[in-house]
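Asks: Note that the protein sequences, when read in sequence, are chains X and F. Under my numbering, the first residue of the first sequence is numbered 2, with each subsequent residue one higher. Under my numbering, the first residue of the second sequence is numbered 79, with each subsequent residue one higher. By construction, the Cβ of each residue, glycine as well, lies at the ideal position given by its N, Cα and C atoms. No experiment lies behind these values; they were computed from the predicted model shown.
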Amino acid sequence: MPSATAIKQGFAPVPNALATPYLPLRRHVTANRTGEFIMAEQPPIIEAKGLKRRFKARGAKGKTIDAVRGIDLTVHEGEIVGFLGPNGAGKTTTLKMLTTLLAPTDGTATVAGADLRRDPVEVRRRIGYVSQAGSTLPQAKVGEEIVGHAQLYGIDRRTAAARGQELLTALDLGDIWNRTCGTLSGGQRRRLDIVMGLIHQPRLVFLDEPSTGLDPQSRANLWNHIRSLRDEMRTTVFLTTHYMDEADSLSDRILIVDNGTIVAEGTPAELKKRVSGDTITLTMRTAEDGEAAAKVAAGLNGADKAVVEANIVRFHVPDGATALPVLLSDLTRAGIDAIGVDVNRPTLDDVFLTLTGRSLRD
Amino acid sequence: MSFFRDTWIIFTRSMSLSLRQPLWAVIGLLQPILYLTLFGPLLQTVAASSGFQGDAWQVFVPGLLVQLGIFGGLFVGFGIIAEWRAGVIDRQLVSPASRGSIIAGRSLRDVVVIVTQAIILCGAAYFMGLRIPIGAFLVGLMLVGLLGAAFSFISNAIGIATKSEDALAPLVNTLALPILLLSGILLPMSLAPGWLQAAANFNPFKHIVEALRAVFRGDFADPIVAIGVGLALALVLLGVWFGGRVLQAQTK
Numbered sequence: 002m003p004s005a006t007a008i009k010q011g012f013a014p015v016p017n018a019l020a021t022p023y024l025p026l027r028r029h030v031t032a033n034r035t036g037e038f039i040m041a042e043q044p045p046i047i048e049a050k051g052l053k054r055r056f057k058a059r060g061a062k063g064k065t066i067d068a069v070r071g072i073d074l075t076v077h078e079g080e081i082v083g084f085l086g087p088n089g090a091g092k093t094t095t096l097k098m099l100t101t102l103l104a105p106t107d108g109t110a111t112v113a114g115a116d117l118r119r120d121p122v123e124v125r126r127r128i129g130y131v132s133q134a135g136s137t138l139p140q141a142k143v144g145e146e147i148v149g150h151a152q153l154y155g156i157d158r159r160t161a162a163a164r165g166q167e168l169l170t171a172l173d174l175g176d177i178w179n180r181t182c183g184t185l186s187g188g189q190r191r192r193l194d195i196v197m198g199l200i201h202q203p204r205l206v207f208l209d210e211p212s213t214g215l216d217p218q219s220r221a222n223l224w225n226h227i228r229s230l231r232d233e234m235r236t237t238v239f240l241t242t243h244y245m246d247e248a249d250s251l252s253d254r255i256l257i258v259d260n261g262t263i264v265a266e267g268t269p270a271e272l273k274k275r276v277s278g279d280t281i282t283l284t285m286r287t288a289e290d291g292e293a294a295a296k297v298a299a300g301l302n303g304a305d306k307a308v309v310e311a312n313i314v315r316f317h318v319p320d321g322a323t324a325l326p327v328l329l330s331d332l333t334r335a336g337i338d339a340i341g342v343d344v345n346r347p348t349l350d351d352v353f354l355t356l357t358g359r360s361l362r363d
Numbered sequence: 079m080s081f082f083r084d085t086w087i088i089f090t091r092s093m094s095l096s097l098r099q100p101l102w103a104v105i106g107l108l109q110p111i112l113y114l115t116l117f118g119p120l121l122q123t124v125a126a127s128s129g130f131q132g133d134a135w136q137v138f139v140p141g142l143l144v145q146l147g148i149f150g151g152l153f154v155g156f157g158i159i160a161e162w163r164a165g166v167i168d169r170q171l172v173s174p175a176s177r178g179s180i181i182a183g184r185s186l187r188d189v190v191v192i193v194t195q196a197i198i199l200c201g202a203a204y205f206m207g208l209r210i211p212i213g214a215f216l217v218g219l220m221l222v223g224l225l226g227a228a229f230s231f232i233s234n235a236i237g238i239a240t241k242s243e244d245a246l247a248p249l250v251n252t253l254a255l256p257i258l259l260l261s262g263i264l265l266p267m268s269l270a271p272g273w274l275q276a277a278a279n280f281n282p283f284k285h286i287v288e289a290l291r292a293v294f295r296g297d298f299a300d301p302i303v304a305i306g307v308g309l310a311l312a313l314v315l316l317g318v319w320f321g322g323r324v325l326q327a328q329t330k
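As structure tokens, this is what we get:
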């Protein structure tokens, strides 16, 4: 019986994968709605300790760059974990290490039950990886790429074709088998990449920046499909992203990464609780006005230290709605005018700002 | 053996892609055919001069075949860079496929394309007047295949290592020109002055061309034949070793 979410999202049920309704496994979950299975604590599907990666700097002799400076992380079966951070934070390097594409300089990890260093081939057999570069050649036929990839996992052509068709249907790509990959839209191509990554039915799939370059509609559609990977196909999903809305909307748990280390982790709600209250963003006419406004803001009851980026001033107050009238009259008294005011509930960007003093968008 | 199975899988995929676009193989064949029809007749006159051993076609066609093997292989690296850009190489590296098969499967496709081109070239040469024993034809195809394999491995490996067409193009051209000029591909080196002959002796391809010329004359027992085949085999080993190293380094 397809689950309620499957019907809501309009998926054709996938045989086998949909045989039983599925509730994401968590450590604290002991039974599903019908009490069919009692879950003991599961061993983590990814457990990394002290992962490090050092690169030789190009051009300069003997100089090195520490892209990843010691990452510990644990992912449990059935989770969707978001690895959030700005470009250059070490997300892709970490992902490449966990997927055997890059050897760690130091540290250990167990991925899908196999030791990353001792048995990378077994890790490869058990994981799916969807790169941001794609997976198919524009002039290749969709069906041939799928079957040719499945064969590398020892799957015979017939099983591969049946499974491929099934996955394409599940990702709303039912009729593209004989199409040339280059003729697909960006969103279709990305979903085809996911089909390629899932063809050997891995329990764990890595998605690298899944929605980069997609239009808003394709993104929302892709997110629904990513959720259904877990909800309908029981796949654990580990995704990297530098979009806070993507991490917020998809992840059960977020790891915030900056400068090669994890700076915070928790559910989106837990992380947002770390930011005290609402964010007020003032847009002033000039940078000088910005500095002056920061001083005025500091006088508000309960306000934290304002972050000034040229003429944009950002700070937090316990309650934005009551602070705003006071702030505006204070500004007028100081002889400066704001040309724009925003009051926002906390976002992950605020969390990042609070943790690192920089915005994710930088 | 997983290496052979994976090589076969990657070969079938690459071959089916090449078959869908046979134009590239045709374009690759165009140059030797032009040499054959527009330069070959000139040689008929030169052949009358001193220093020429044997029939003009028996001297000229081996050079064209060796050239086809070298150049057919040297430029395949551009294709693997395009595949890397499309994410195909990483996709295969993250699968349990044997590392070596990722280049070997593609190089096997290149060898099939090059040997097919060589057969067509020999057919065209037959119409121009080339007459050789069937054994010589087969040895010729084998040598072309070996050279194609060696250079395809090397070019694919350079492509994967540099991941840049801008780096591959000058590298390939720098390799190609001295190989071409010092190998007596177009004219036998026996026509050259002493110092040039001495320089050419250091070029393995000169000996491979000479070996194939001896075979085309029907002179299978000439020691140069064994030397030429041995050199071609050594080049294949070098290419395979280099390709393997580059792929291992990819995930280092």
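Apart from the five residues just before and just after Ala141(X), which ones in its own chain have a Cβ nearer than 8 Å to its Cβ?
Replies: Working through the first sequence from its first residue, we reach residue 141(X) at position 140. Same-chain partners within the cutoff: Thr181 and Cys182.
Asks: Identify whether Pro3(X) lies in helix, strand or coil by the three-state DSSP scheme.
Replies: Within the first sequence, the letter at position 2 stands for residue 3(X). Annotation note: pLDDT 43 at Pro3(X) (below 50); position unreliable, coordinate value reported separately. Coil, per DSSP.
Asks: For chain X, check one thing: does any of its Cβ atoms lie closer than 9 Å to the Cβ of Arg295(F)?
Replies: Start at 1 with the first residue of the second sequence, and residue 295(F) comes out as number 217. Judged by the 9 Å Cβ criterion, Arg295(F) is not in contact with chain X.
Asks: What would DSSP say about Phe153(F), mapped onto helix, strand or coil?
Replies: As a working mapping, residue 153(F) is identified with position 75 in the second sequence. In this structure, Phe153(F) counts as coil in the three-state DSSP scheme.
Asks: In the stretch 151-197 of chain X, which residue ranges form an unbroken alpha helix (DSSP H) of at least 4 residues, counting only runs that do not cross its ends?
Replies: Fully enclosed alpha helix (DSSP H) runs of 4 or longer: 158-171.
Asks: Taking only beta-carbon atoms, is Lys330(F) less than 9 Å away from chain X?
Replies: The sequence position of residue 330(F) within the second sequence is 252, counting from 1. True, the Cβ-Cβ gap to chain X drops below 9 Å.
Asks: 9 Å is my cut-off, CB to CB: does Asp300(F) come that close to chain X?
Replies: Mapped onto the second sequence, residue 300(F) falls at position 222. Not one chain X Cβ lies under 9 Å of Asp300(F).
Asks: Is there a C-beta anywhere in chain F that falls below 9 Å from the one on Ile128(X)?
Replies: Mapped onto the first sequence, residue 128(X) falls at position 127. By this cut-off, Ile128(X) is an interface position.
Asks: Just to confirm the assignment, what range does the alpha helix (DSSP H) spanning Ala103(F) have?
Replies: For the purposes of this step, residue 103(F) is taken as the residue at position 25 of the second sequence. Counting along the chain, the alpha helix (DSSP H) containing Ala103(F) begins and ends at Leu101 to Leu112.
Asks: Please go through the stretch 262-330 of chain X and give each complete beta strand (DSSP E) segment of 3 or more residues, from N-terminal end onward.
Replies: The stretch 262-330 of chain X contains these whole beta strand (DSSP E) runs: 262-267, 279-285, 308-310 and 313-318.
Asks: Identify which residue in Ala103(F), Ile232(F), Val307(F) and Leu121(F) has its Cα closest to the Cα of Ile198(F).
Replies: Here residue 198(F) refers to the residue found at position 120 when the second sequence is read from its first residue. When only C-alpha atoms are compared, the closest one is Ala103(F).
Asks: Cβ closer than 9 Å: which chain F residues qualify as neighbours of Ser186(X)?
Replies: As a working note, residue 186(X) is residue 185 in the first sequence. Ordered by position in chain F, no residue passes the 9 Å Cβ test against Ser186(X), which lies about 16 Å from the chain.
Asks: According to the Cβ coordinates, are Leu85(X) and Ala49(X) closer than 9 Å?
Replies: Against the first sequence, residue 85(X) aligns to sequence position 84. Against the first sequence, residue 49(X) aligns to sequence position 48. No. Outside cutoff.
Asks: Would Ala68(X) pass as an interface residue toward chain F - the criterion being a Cβ-Cβ separation below 9 Å?
Replies: Within the first sequence, residue 68(X) is the residue found at index 67, counting from 1. No, because no Cβ of chain F sits closer than 9 Å to the Cβ of Ala68(X).
Asks: Which stretch, first to last residue, makes up the beta strand (DSSP E) that contains Tyr130(X)?
Replies: Here the question's residue 130(X) lines up with position 129 in the first sequence. Its beta strand (DSSP E) spans residues Ile128 to Val131.
Asks: Please check if any C-beta of chain X sits within less than 9 Å of the C-beta of Glu288(F).
Replies: For this step, residue 288(F) is matched to residue 210 along the second sequence. With 9 Å as the cut-off, Glu288(F) does not count as an interface residue toward chain X.
Asks: Quick one: which chain F residues come within Cβ less than 9 Å of Ala104(X)?
Replies: Here residue 104(X) refers to the residue found at position 103 of the first sequence. Going along chain F in sequence order, the residues near Ala104(X) (Cβ under 9 Å) are Thr329 and Lys330.
Asks: Alpha carbon to alpha carbon, how far is Ala311(X) from Leu102(X)?
Replies: As a first step, residue 311(X) is located in the first sequence; it is residue number 310 there, counting from the start. As a first step, residue 102(X) is located in the first sequence; it is residue number 101 there, counting from the start. Ala311(X) and Leu102(X): Cα-Cα distance of roughly 41 Å.
Asks: Please classify Arg184(F) as buried or exposed, where buried requires at least 16 neighbouring CB atoms within 10 angstroms.
Replies: For the purposes of this step, residue 184(F) is taken as the residue at position 106 of the second sequence. Per the 10 Å Cβ criterion, buried.
Asks: Could you tell me which of Ala175(F), Gly262(F), Ala227(F) and Leu171(F) sits nearest to Val190(F), measuring between CA atoms?
Replies: Within the second sequence, the letter at position 112 stands for residue 190(F). The residue with the shortest Cα to Cα distance from Val190(F) is Ala227(F).
Asks: Given that Asp84(F) touches chain X, what residues does it touch there, using C-beta distances under 8 Å?
Replies: Within the second sequence, the letter at position 6 stands for residue 84(F). Result: Leu153.
Asks: Going by the DSSP bridge assignment, what does Thr94(X) pair with across the sheet?
Replies: Looking up residue 94(X) in the first sequence gives position 93. Per DSSP, none; premise fails for Thr94(X).
Asks: Using a Cβ-Cβ distance under 9 Å, would Leu138(X) count as near chain F?
Replies: Residue 138(X) sits at position 137 when you count from the first residue of the first sequence. Yes, Leu138(X) lies at the interface with chain F (some Cβ there is under 9 Å from its Cβ).
Asks: Determine, for Gln133(X), whether the minimum Cβ-Cβ distance to residues of chain F falls below 9 Å.
Replies: Taking the first residue of the first sequence as position 1, residue 133(X) is located at position 132. Taking Cβ atoms only, chain F reaches closer than 9 Å to Gln133(X), which makes this a yes.
Asks: Name the DSSP bridge partner or partners of Asp168(F)?
Replies: Indexing the second sequence from 1 puts residue 168(F) at position 90. Paired residue(s): none; Asp168(F) is not in a bridge.
Asks: Since I believe Ser360(X) is in contact with Gly83(X) (beta carbons under 8 Å), could you give me their beta-carbon distance rounded to a whole number of angstroms?
Replies: Sequence index remark: in the first sequence, residue 83(X) carries index 82 (1-based). Sequence index remark: in the first sequence, residue 360(X) carries index 359 (1-based). At roughly 18 Å, the Cβ-Cβ gap does not stay under 8 Å, so Gly83(X) and Ser360(X) are not in contact.
Asks: How far does the alpha helix (DSSP H) with Glu247(X) in it reach, from first residue to last?
Replies: Working through the first sequence from its first residue, we reach residue 247(X) at position 246. Met245 to Leu251 is the span of the alpha helix (DSSP H), which, as asked, contains Glu247(X).
Asks: Going along the chain, which residues of its own chain have a beta-carbon closer than 7 Å to the beta-carbon of Leu26(F), five neighbours each way excluded?
Replies: This structure cannot speak to residue 26(F), because chain F is shown only from 79 to 330.
Asks: Excluding sequence positions up to five away, which residues of its chain have a Cβ less than 6 Å from the Cβ of Leu316(F)?
Replies: Numbered from 1 along the second sequence, position 238 holds the residue referred to as residue 316(F). Closer than 6 Å at Cβ, skipping near neighbours: no residue.
Asks: Near Ile47(X), what residues of its chain come up, given a Cβ to Cβ distance below 6 Å and the 5 sequence neighbours on each side ignored?
Replies: For the purposes of this step, residue 47(X) is taken as residue 46 along the first sequence, with counting starting at 1. Once the five neighbours on either side are set aside, the close Cβ partners of Ile47(X) are Val76 and Val112.
Asks: Met197(X) touches chain F at which residues, Cβ-Cβ below 9 Å?
Replies: Taking the first residue of the first sequence as position 1, residue 197(X) is located at position 196. Going along chain F in sequence order, the residues near Met197(X) (Cβ under 9 Å) are Arg169.
Asks: Check this for me: beta carbons of Ile195(X) and Leu172(X), under 9 Å apart or not?
Replies: Within the first sequence, numbered from 1, the residue matching residue 195(X) stands at position 194. Within the first sequence, numbered from 1, the residue matching residue 172(X) stands at position 171. Yes. Within cutoff.
Asks: In whole angstroms, give me the CA-to-CA distance for Thr241(X) and Ala90(X).
Replies: As a first step, residue 241(X) is located in the first sequence; it is residue number 240 there, counting from the start. As a first step, residue 90(X) is located in the first sequence; it is residue number 89 there, counting from the start. Taking the straight line from one Cα to the other gives about 11 Å.
Asks: Could you check whether Pro266(F) and Val137(F) sit closer than 9 Å to each other, using their CB atoms as the reference points?
Replies: If you number the second sequence from 1, residue 137(F) lands on position 59. If you number the second sequence from 1, residue 266(F) lands on position 188. Their beta carbons are under 9 Å apart, which means Val137(F) touches Pro266(F) by this criterion.
Asks: Check whether the Cβ atoms of Gly51(X) and Gly108(X) lie closer than 9 Å to each other.
Replies: Mapped onto the first sequence, residue 51(X) falls at position 50. Mapped onto the first sequence, residue 108(X) falls at position 107. For Gly51(X) and Gly108(X), yes; Cβs fall inside 9 Å.
Asks: Roughly how many whole angstroms lie between the Cα atoms of Ser179(F) and Ile238(F)?
Replies: For the purposes of this step, residue 179(F) is taken as residue 101 along the second sequence, with counting starting at 1. For the purposes of this step, residue 238(F) is taken as residue 160 along the second sequence, with counting starting at 1. Whole-angstrom Cα-Cα distance: 14 Å.
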